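Protein chains in written order, with the numbering used here: chain R, 1 to 231; chain F, 232 to 517.
Contents: one structure, followed by commentary.
Below, the structure is given as structure tokens:
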């Protein structure tokens, strides 16, 4: 575990560089530990795949004479995390998400296939086969970062992000896969679209998916996608 | 975007620092006060006039019922903030009154204001109301610092740039591209290295984080940024320079200057001491 500055008002606790079950449980336990303690000056705690950021107000953190706010918050966080215990979670929910992989909704499917030396149909098969697990929510409201992508489908992000990716777009970025929950700029490779609204501010809670949920993608036809209200 | 300007304007009218304010970009609205209202304007100078009379930025004014406040075009800078005593009384969504334009919720019906809209105001407890014409200046420590040089704390992945590319990053002039908005600014300028980091895992970002996608165009993340990102992070703008960043418009040039984490935090602490002094001065009733 190492702690780095993320500018002058946040720190990043890094737990390694792999997307795996052990790291996921460690991040989750650490996140719960940090959330359960009340620190002066802490504004937000944001988990990543293998990291947790702590956003703080340097003017509010309690510190010893001579200690900088960065050193003070880093030491407090480190102390709390030493006590974090990794416990296996309860039985996760399984959420099935219908996805249309039709080329009209999958502008980067051919590129992903070519990169993997597979056909587009094989990409769809490999993408929709596993049960994924939600490692983190971030980037956009309710946006799920999913672990479990078949390594053959790993594809680098686009070198220039698109200024607009439509809500419901299913994408691959590096070794991660996820679903855009609102219209947004984005750099992931787009391989399909869902009609499900994963984020709705009118709903309580607004997000469908939670950290630890299992997710399965079910391929549907363009007609089924449209019938379900998909754009 | 220019949170510091909004805070100062709020303090001047006796609001909590985080009370909802109006943010106006490049050219301002004409507002009619339905009732007597104390207000203050922070941020860029939009040549504001109250019933024809020029308004000085960051000075409290009392408008009578029926008075007209007209904001023109920003002379320099980009954004101005109108704070009114009591704040703006729109519903709280996900813990905030602000507008999240990318998903069209919060604020006033999740959208930018239009002609004809009636903006509901709250009331504050009167602690801030009174005669502030005696308050001459905010004070240098608390005053916002604007300009075209942003001081940047080195980021985790800056060390991966070649010496030459690092020299370009901290020396060159970048231009704020038209493809910029409240989520972030794309910065056109000299080619920096293509940092090949395809396996970089998504992690949290801050306002002021400078990302470097493989295409070579740095992106400066701003108020409506995503909460996490997966592009290499080469630096974070010092908090005290975020107001300068918020006042940049497309077409403006900007330079980055390296600053250490300790220096950046030192400047922030000085500024907060200045804001504390301002709070005490405003609370003082002889």
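Even glycine gets a Cβ: it sits at the ideal position worked out from N, Cα and C.
Keep in mind it's a predicted model, so treat the numbers as computed, not measured.
| task | Output, in sequence order along the chain, the residues in the region 444-466 of chain F whose CB is closer than 9 Å to any CB in chain R. | result | 444, 445, 446, 447, 448, 450, 457, 458, 459, 460, 461, 462, 464, 466
| task | For residue 495 of chain F, return the contacting residues in chain R, with the cut-off set at a CB-CB distance below 7 Å. | result | On the second chain, position 264 is the one that residue 495 of chain F refers to. What residue 495 of chain F touches in chain R: 8.
| task | Figure out for me which residue from F:244, F:400, F:281, F:450 has the closest Cα to the Cα of residue 262 of chain F. | result | By one-based count along the second chain, residue 262 of chain F stands at place 31. Taking only the C-alpha atoms, the option nearest residue 262 of chain F is F:281.
| Cβ-based burial, residue 327 of chain F [other Cβ within 10 Å; buried from 16] | Looking up residue 327 of chain F in the second chain gives position 96. Classification of residue 327 of chain F: exposed, given that the 10 Å Cβ count is below 16.
| Straight-line gap, residue 131 of chain R to residue 216 of chain R (C-alpha atoms, nearest Å) | In the first chain, residue 131 of chain R corresponds to position 131, counting from 1. In the first chain, residue 216 of chain R corresponds to position 216, counting from 1. So the two alpha carbons sit approximately 5 Å from each other.
| Does DSSP classify residue 419 of chain F as helix, strand or coil? | Translated into the one-based positions of the second chain, residue 419 of chain F becomes position 188. Strand at residue 419 of chain F.
| field | residue 499 of chain F (DSSP reduced to helix, strand or coil) | value | For the purposes of this step, residue 499 of chain F is taken as the residue at position 268 of the second chain. DSSP places residue 499 of chain F in helix when its eight states are reduced to three.
| request: Measure the CB-CB distance between residue 19 of chain R and residue 175 of chain R and report whether it falls below 9 Å. | output: Position 19 of the first chain, counting from 1, holds the residue named residue 19 of chain R. Position 175 of the first chain, counting from 1, holds the residue named residue 175 of chain R. In this structure, residue 175 of chain R lies closer than 9 Å to residue 19 of chain R by Cβ.
| query | Can you tell me the Cα-Cα spacing of residue 196 of chain R and residue 507 of chain F, whole angstroms? | reply | What you label residue 196 of chain R is simply residue 196 of the first chain in a count that begins at 1. What you label residue 507 of chain F is simply residue 276 of the second chain in a count that begins at 1. Distance between the alpha carbons of residue 196 of chain R and residue 507 of chain F: 48 Å.
| With burial defined as no fewer than 16 other Cβ atoms inside 10 Å of the residue's Cβ, what is the status of residue 163 of chain R: buried or exposed? | Your numbering for residue 163 of chain R matches position 163 in the first chain. It is exposed - the Cβ of residue 163 of chain R has fewer than 16 other Cβ atoms within 10 Å.
| message | Does residue 43 of chain R come out as helix, strand or coil in the three-state DSSP assignment? | response | As a first step, residue 43 of chain R must be located in the first chain, where it is residue number 43. The answer is strand: DSSP assigns residue 43 of chain R an E or B state.
| task | Out of R:51, R:36, R:6, R:92, state which residue places its alpha-carbon closest to the alpha-carbon of residue 57 of chain R. | result | Reading the first chain from its first residue, position 57 is the one you call residue 57 of chain R. If we check each option's Cα against that of residue 57 of chain R, R:6 comes out closest.
| field | For residue 285 of chain F: DSSP bridge partner residues | value | Locating residue 285 of chain F in the second chain gives position 54, counting from the first residue. Beta-bridge pairing links residue 285 of chain F to F:280.
| For the region 426-439 of chain F, which residues have a CB atom closer than 8 Å to at least one CB atom of chain R, in sequence order? | 429, 430, 431, 432, 433, 434, 435, 436, 437, 439
| task | Determine whether the Cβ of residue 386 of chain F lies closer than 9 Å to any Cβ atom of chain R. | result | The residue you call residue 386 of chain F lines up with position 155 of the second chain. Yes, its Cβ sits closer than 9 Å to a Cβ of chain R.
| said: Looking only at its chain, what residues have a beta carbon closer than 7 Å to the beta carbon of residue 298 of chain F, apart from the 5 residues adjacent to it on each side? | reply: Against the second chain, residue 298 of chain F aligns to sequence position 67. Contacts found: 264, 281, 282.
| task | Compare the C-alpha of residue 325 of chain F against each of F:337, F:446, F:317, F:444 and name the closest. | result | Counted from its first residue, the second chain places residue 325 of chain F at position 94. It is F:337.
| query | Can you list, in chain order, the residues of its chain whose CB lies under 6 Å from that of residue 142 of chain R, leaving out five sequence neighbours each side? | reply | Within the first chain, residue 142 of chain R is the residue found at index 142, counting from 1. Excluding residues within five positions, the ones whose Cβ falls inside 6 Å are 181, 198, 199, 207.
| field | Contact belief for residue 406 of chain F with residue 420 of chain F at Cβ below 8 Å, rounded distance in angstroms | value | On the second chain, position 175 is the one that residue 406 of chain F refers to. On the second chain, position 189 is the one that residue 420 of chain F refers to. Correct: roughly 7 Å between the Cβ atoms.
| field | Positions along the region 62-85 of chain R whose CB lies within less than 8 Å of some CB in chain F | value | 68, 69, 70
| query | Roughly how many whole angstroms lie between the Cα atoms of residue 144 of chain R and residue 434 of chain F? | reply | Within the first chain, residue 144 of chain R is the residue found at index 144, counting from 1. Within the second chain, residue 434 of chain F is the residue found at index 203, counting from 1. If you take the alpha carbons of residue 144 of chain R and residue 434 of chain F, they lie about 13 Å apart.
| Alpha-carbon spacing of residue 188 of chain R relative to residue 329 of chain F, whole angstroms | Translated into positions along the first chain, residue 188 of chain R becomes position 188. Translated into positions along the second chain, residue 329 of chain F becomes position 98. For residue 188 of chain R and residue 329 of chain F, the distance between alpha carbons rounds to 28 Å.
| field | Any C-beta of chain F under 9 Å from that of residue 184 of chain R | value | For the purposes of this step, residue 184 of chain R is identified with residue 184 of the first chain, where counting begins at 1. Closer than 9 Å: yes.
| said: Please give the ranges of any alpha helix (DSSP H) in the region 424-495 of chain F, keeping only runs that are unbroken, at least 4 residues long and fully inside the region. | reply: 473-477
| query | Apart from the five residues on each side of it in sequence, which residues of its chain come closer than 8 Å, Cβ to Cβ, to residue 193 of chain R? | reply | On the first chain, position 193 is the one that residue 193 of chain R refers to. Excluding residues within five positions, the ones whose Cβ falls inside 8 Å are 99, 100, 105, 106, 166, 168, 169, 170, 225, 230, 231.
| Stretch-stretch touch, CB-based, cutoff 8 Å, three pairs: the region 311-324 of chain F with the region 335-354 of chain F | yes
| query | Which of the residues in the region 403-427 of chain F, read from start to end, lie with their CB under 7 Å from any CB of chain R? | reply | 410, 414
| request: Would you identify the three-state DSSP class for residue 329 of chain F, choosing helix, strand or coil? | output: Counting from 1 along the second chain, the entry for residue 329 of chain F is found at position 98. Residue 329 of chain F: coil per DSSP, three-state reduction.
| alpha helix (DSSP H) containing residue 105 of chain R: first to last residue? | Here residue 105 of chain R refers to the residue found at position 105 when the first chain is read from its first residue. Here residue 105 of chain R belongs to no alpha helix (DSSP H), and DSSP marks it neither H nor E.
| field | Other residues of its chain near residue 27 of chain R: CB distance less than 7 Å, five sequence neighbours each side excluded | value | Taking the first residue of the first chain as position 1, residue 27 of chain R is located at position 27. So the qualifying residues of the chain are 15, 47, 50, 52.
| query | When burial is assigned at 16 or more other CB atoms within 10 Å of the CB, is residue 495 of chain F buried or exposed? | reply | Here residue 495 of chain F refers to the residue found at position 264 when the second chain is read from its first residue. Label assigned to residue 495 of chain F: buried.
| query | Any beta-carbon of chain R closer than 9 Å to the one on residue 218 of chain F? | reply | Examination of residue 218 of chain F is not possible in this model, given that chain F is present from 232 through 517 alone.
| How many angstroms separate the CA atom of residue 462 of chain F from the CA atom of residue 489 of chain F? | Stepping through the second chain from its first residue, residue 462 of chain F is reached at position 231. Stepping through the second chain from its first residue, residue 489 of chain F is reached at position 258. About 20 Å.
| field | Where residue 175 of chain R sits in the DSSP three-state scheme | value | Numbered from 1 along the first chain, position 175 holds the residue referred to as residue 175 of chain R. Coil at residue 175 of chain R, not helix or strand.
| said: Residues of the region 306-339 of chain F in Cβ contact with chain R at a cutoff of 9 Å, in chain order, please. | reply: 324, 325, 331, 333, 334, 335, 336, 337
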